[in-house]
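In order, the protein sequences belong to chains A and B.
All residue numbers for the first sequence refer to UniProt numbering, where the first residue is 1 and numbers rise by one.
All residue numbers for the second sequence refer to UniProt numbering, where the first residue is 1 and numbers rise by one.
Below is one structure, written out as structure tokens, with a few remarks after it.
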Amino acid sequence: MRPKTTSRRIRLMAGAVCAGLAAVAALSGCGSGDAGGGKVRLSLGLFGNFGYTELIKEYEAAHPDIEITERTASYSDHHKNLAAHLATGGGAADIEAIDTGYVAQFKATPDKFVDLNTAGGDQLRDRWLDWKWSASLATGGQQIGYGTDVGGLAICYRSDLFAQAGLPTDRDAVSALWPTWQAYFDTGKRFREHAPNGVKFMDGGPTVLNAIIGQAPVGYYDQSDHLVVASNPALRQGWDQVVDAVKANLSAGLLYSTPTWNTGFTQSQFATVTCPAWMMPKIKDQAPDTAGKWDVATVPGGGGNWGGSYLTVPQQGKHTQEAVELAAWLTAPEQQAKIFTSQGLLPSTPSLYDNPEIAGYTDPFFNNAPVGKLFTDAAKELKPQYQGPKAGDVQTEFGNAMQRVEQGKQDGAAAWQQLVDDVAKLQS
Amino acid sequence: MTSAKTLTWAERRHKWSATLSPFGFISPYFLIFGAFGLFPLLYTAVVSLQDRNLLDADGATFIGLGNYEQLLFHDPYFWNAMGNTVSLWLLTTIPQILFALGVAHLLNRRLRGRTLFRMGMILPNITSVAAVTIIFAQLFGRDFGLVNWVLSWFGAGRIDWQAGTASSHTAIAAMVVWRWTGYHALIFLASMQAIPTSMYEAATLDGAKGWQQFWRITVPLLRPQIIFSTVIATTGNMRLLAEPLLFNPGTAAATGGSDRQFQTAALYLYEQGFTKYDFGYSSAIALVLAVVTMLVAGLSYLVTRRIQTD
């Protein structure tokens, strides 16, 4: 009796200790509880759709001693969680994705990440677009992340809704409609005259504004990390144009990345949306029923970038060496090419841009639009814009300010004034 | 006094053990409280005196009461968040206590399937708050929400629930009230059943009708439970975070709407700490919020204590 209870108690305690340890370091195996039996477990912290599921299977097949798990959160949750995990020194995945809007903020603390330059990255740097490589480079020369995709810019439009409104539907003719943003908004006014009931021209002011800002030679920050929102005429001009478009009733008033915006795709609430390459898998995920109705035209104003990400390896991980190898593999040109043809995410590795398989790629969901040529052309034309430390937060403030106009809470001038004040608070 | 000298070793040990062992028995609570309650509180107090980036603990500098000065005297967004918190506190606590009393009163009667209904009361409370909020956010959708659809039957215009201050507070309060009414109702129900039926019988003989009995007998006798529920609801609502955070997700979730119209104090703390990485400032907010929570909880205790006991 007695020995039995004792041994049971010991087992229970061992189990409790195991559970505690597992909670502290999710990856550590505890005795025979580790199913893999000596396998190295790597976790990927992602947001949105990176299209890695197939690639992970491929990598695991080639590396039987490695087991990879993905966890995906929403854009803002992901970056906030990452900050919290870095601050507390635990809980981060072995590989963490970081978006362009946040990379400057994270590269300010490079010691939280493995310096990829000392882990073989300096040999690989020719893979990436120059500006992509330098955007994640800390001031001390540490490289915190390997580039995944770049945004590029285009306009996705619903050719069926365009037809109903009496506009041209052929993508070249549609591209010819809007050489400039003003022409784009004027097209919107034409659309409005004969639009199907309840359908607006664009999803929301903030989305369009982000595209316009992404084209400016200087964005929110100058090269010395000073916020120039108040003094940058390109931003104010874009702001005024979008406010006019909202006033002209062209906008469905939806804020990107919200559930209501997602519903907007399924319910056909708008006919055009600003399309960085990563927007295409989003549309496919949200509204599979609209396959074939979408098409892709060039963006007004030519070129520009919005978004694109990096894979980083937090220093706190248990298997940083294996994680670095995996990150390098996932961002290698061959894998970026596969992600482009399966998901449409535009590679950040220019060697692919003249690859016939990439440049000749068409997407059936988008009415066989030549997205390969469209986006590689856009990427070649792309003039990189410097992203300052809190670019992601400034973008949020811009979204809020435009929402205040769309919701009728403020006029354009008042919303801009509050925006400038709010952004100034981010400088400190 | 003198007898102490004559105690034997064994007697002394027994005496010590009798004096000390109660402390031993209660010590686990205090050890855990010390580790997970007191230490974080003190640490927060220390951090609140620093200018400190969340990611850069080594770069912290001591700035004394600077964070508090900024917070209390130069930060309109903090006071906006406080105003929203108090507004949501009133909009949630009062209805949830009144509804819970009514529901408990109904469940206290003889009715078919009573146990089923009683079990059902707790269901909203054990549902994940994230799931609840996401579903409610759909219900309160501007274009395709169920609530607006129902309102349209009565000729009401489409309400943009997230956009307005009053409308967003109403929607968030609905989530909180839905989630917590059942919890409080079960507490009230348990003590209602402890009220002797003879009191109601006597009241009936005196000619008191249903509602009179409810207000004159049931409610006064439930006073301790009502005080408990009010204080619990108050402290919970002062920390309201998940509902406003998830009500309008996307990139702007932490600001609580385009004009911070439903940003609560806890959400403001979250924004400062986890989007602006201002760890010192958010710690100062946390301490101020803790003090305000104690004040408001004390206030609601004083108010509910005034329930007449005759």
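In this text, a Cβ means the ideal position worked out from N, Cα and C, and glycines have one as well.
Item: Which residues DSSP lists as bridging Lys-200 of chain A, in chain order; Value: A:Phe-270
Item: Alpha-carbon to alpha-carbon, Asp-393 of chain A and Ala-81 of chain B; Value: 19 Å
Item: In DSSP terms, what Trp-294 of chain A is bridged to; Value: A:Arg-158
Item: Of the listed residues B:Trp-79, B:Gly-24, B:Arg-179, nearest to Arg-260 of chain B (C-alpha basis); Value: B:Trp-79
Item: DSSP state of Ala-23 of chain A mapped onto helix, strand, coil; Value: Any reading at Ala-23 of chain A needs caution, since the residue's pLDDT is 44, under 50, leaving its predicted position unreliable; the model's value is listed next. Residue state, collapsed to three classes: helix.
Item: Identity of the residue in B:Ala-233, B:Pro-220, B:Ile-134 nearest Thr-181 of chain B by Cα; Value: B:Ala-233
Item: Option in A:Gly-302, A:Ala-287, A:Ser-257 with minimal Cα separation from Ser-268 of chain A; Value: A:Ala-287
Item: Residue-level contact to chain A via CB, Tyr-68 of chain B, 8 Å cutoff; Value: no
Item: DSSP three-state assignment for Pro-347 of chain A, whether helix, strand or coil; Value: strand
Item: Paired residues, beta bridge with Ile-95 of chain A - DSSP; Value: A:Leu-44
Item: Outcome for Lys-284 of chain A when other beta-carbon atoms lying within 10 angstroms are tallied against a minimum of 16; Value: buried
Item: Rounded straight-line distance, which links the Cα of Val-40 of chain A to that of Val-24 of chain A; Value: The predicted position of Val-24 of chain A is uncertain, since its pLDDT is 42 and thus under 50; a value taken from the coordinates is nonetheless stated next. Cα to Cα, Val-24 of chain A sits roughly 17 Å from Val-40 of chain A.
Item: Cβ distance (whole Å) where Glu-406 of chain A is taken to contact Asp-422 of chain A below 8 Å; Value: About 17 Å; that fails the 8 Å criterion.
Item: Ile-159 of chain B (DSSP reduced to helix, strand or coil); Value: coil
Item: Neighbour flag for Pro-249 of chain B against chain A, beta carbons, 8 Å; Value: yes
Item: Status (buried if at least 16 other CB within 10 Å, exposed otherwise) for Lys-243 of chain A; Value: It should be pointed out that residue 243 of chain A corresponds to Val in this sequence rather than to Lys. It is buried - the Cβ of Val-243 of chain A has at least 16 other Cβ atoms within 10 Å.
Item: Residue burial classification, Val-46 of chain B (beta-carbon count within 10 angstroms, cutoff 16); Value: exposed
Item: Test: Thr-258 of chain A CB closer than 8 Å to a CB of chain B; Value: yes
Item: Neighbour list for Gln-395 of chain A in chain B, Cβ cutoff strictly below 8 Å; Value: Thr-251
Item: Per DSSP, cross-strand counterpart(s) of Gly-147 of chain A; Value: A:Tyr-310
Item: Any chain B beta carbon closer than 8 Å to Leu-86 of chain A; Value: yes
Item: Residue 511 of chain A and Val-296 of chain A closer than 8 Å at C-beta; Value: Limits of chain A in this structure are 1 at one end and 428 at the other, which puts residue 511 of chain A out of reach.
Item: CB of Ile-358 of chain A within 8 Å of CB of Ala-337 of chain A, strictly; Value: yes
Item: Beta-carbon neighbours of Thr-275 of chain B, restricted to chain A and to distances below 7 Å; Value: Lys-80, Asp-393
Item: Leu-250 of chain A vs Gly-188 of chain A beta-carbon contact at 8 Å; Value: yes
Item: 8 Å Cβ shell around Thr-19 of chain B - same chain, five flanking residues per side excluded; Value: none
Item: Chain A contact residues for Phe-39 of chain B, given Cβ-Cβ distances below 9 Å; Value: Within chain A, no residue comes near Phe-39 of chain B; the closest Cβ sits about 15 Å away, beyond 9 Å.
Item: Close Cβ partners of Gly-139 of chain B (< 8 Å) along its chain, the five nearest in sequence each way excluded; Value: Note on residue identity: the sequence assigns Leu, not Gly, to residue 139 of chain B. Here the set comprises Gly-145, Leu-146, Val-147.
Item: Own chain residues within Cβ distance below 6 Å of Leu-177 of chain A, not counting five before or after; Value: Thr-187
Item: Cβ contact check for the region 59-66 of chain A and the region 244-253 of chain B: 3 or more pairs under 8 Å; Value: no
Item: Closest Cα partner of Leu-82 of chain A within the set A:Pro-206, A:Cys-156, A:Ala-391, A:Leu-44; Value: A:Leu-44
Item: Test: Val-24 of chain A CB closer than 8 Å to a CB of chain B; Value: Residue confidence is low: Val-24 of chain A scores 42 on pLDDT, short of 50, so the model does not pin down where it sits. Its coordinate-derived value is still stated next. Taking Cβ atoms only, chain B never reaches closer than 8 Å to Val-24 of chain A, which makes this a no.
Item: Segment contact flag, the region 194-206 of chain A with the region 372-391 of chain A, C-beta cutoff 8 Å, min 3 pairs; Value: no
Item: Interface flag, Gly-280 of chain B vs chain A, CB-CB below 8 Å; Value: no
Item: Near the ligand GDP: Leu-139 of chain B beta-carbon under 7 Å from a heavy atom; Value: Absent from the structure shown: the ligand GDP. Ligands present: none.
Item: Assigned exposure category for Val-303 of chain B - 16 Cβ within 10 Å defines buried; Value: exposed
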